[in-house]
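So the sequence shown is numbered by the numbering used here: it starts at -2 and just counts up by one. Don't be surprised by glycine CBs; every beta carbon is placed ideally from N, CA and C. Note sheet for the following structure.
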Amino acid sequence: MKRRIFLVSNITVPLLLGAVIYCLTSPDVIFVEAVRSLWGMPVLSGRGTLHGGIWQFVRYYLLDVLWAYALVFALYFAIGNNAAKLKMAFVIAILFSTVMEVIQLFPIIPGCFDLLDILVEALAEAFAALIIKTHYEEARNICETK
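The following block contains the structure:
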């Protein structure tokens, strides 16, 4: 049960945090406009957008870090949570995030292709995999000592 809570919290917390940051920093993003319209709130296109410095990092990279991190945990949880499945979840996450970024080169979905996005997402996915691996090994060591 603790393992499930660990996995689910590492999926939901980054996604919820990212959604809040989106709402605060990016009122003109399709996701935010959709959420606001579902809740019957006015769309704030263009107002409140933050520029420069740390805000640029938060807006353009931290949000990618959060969803990529959560993606690895979600895939690991869905595929099967053992050490062999971690590598598969990591590879799928890398491929998925790369494809999502490359799609932005074409007029399929709005966005701006950025190689740095791929790098940042890959680092977040590697960090998530490392956390899962460390947590898995600690849990295994505890079970072996009992």
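(1) Give the secondary structure of residue 110 by DSSP, where H, G and I count as helix, E and B as strand, and everything else as coil.
(2) Work out the CA separation of residue 55 and residue 121 for me, nearest whole Å.
(3) Figure out for me which residue from 125, 110 and 96 has the closest Cα to the Cα of residue 102.
(4) Can the beta-carbon of residue 100 be found closer than 8 angstroms to that of residue 119?
(5) For residue 15, collect the residues of the same chain with a Cβ closer than 7 angstroms to its Cβ; drop the 5 residues on either side in sequence, then sort them by chain order.
(6) Among 19, 66 and 105, which has the Cα closest to the Cα of residue 9?
(7) Nearest by alpha-carbon distance to residue 86: which of 130, 135 and 23 is it?
(8) Is residue 45 buried or exposed, if buried means 16 or more other CB atoms sit within 10 Å of its CB?
(9) Whose C-alpha, out of 34, 6, 3 and 57, is nearest the C-alpha of residue 19?
(10) Is residue 68 near residue 93, with beta carbons less than 8 angstroms apart?
(11) How should residue 107 be labelled, buried or exposed, when 16 other C-beta atoms within 10 angstroms of its C-beta is the threshold for buried?
The short version:
(1) coil
(2) 14 angstroms
(3) 110
(4) no
(5) 60, 63 and 64
(6) 66
(7) 130
(8) Because residue 45 carries a pLDDT of 47, less than 50, the predicted location of this residue cannot be relied on, and the following value inherits that uncertainty. By the 10 Å Cβ count, residue 45 comes out exposed.
(9) 57
(10) yes
(11) exposed
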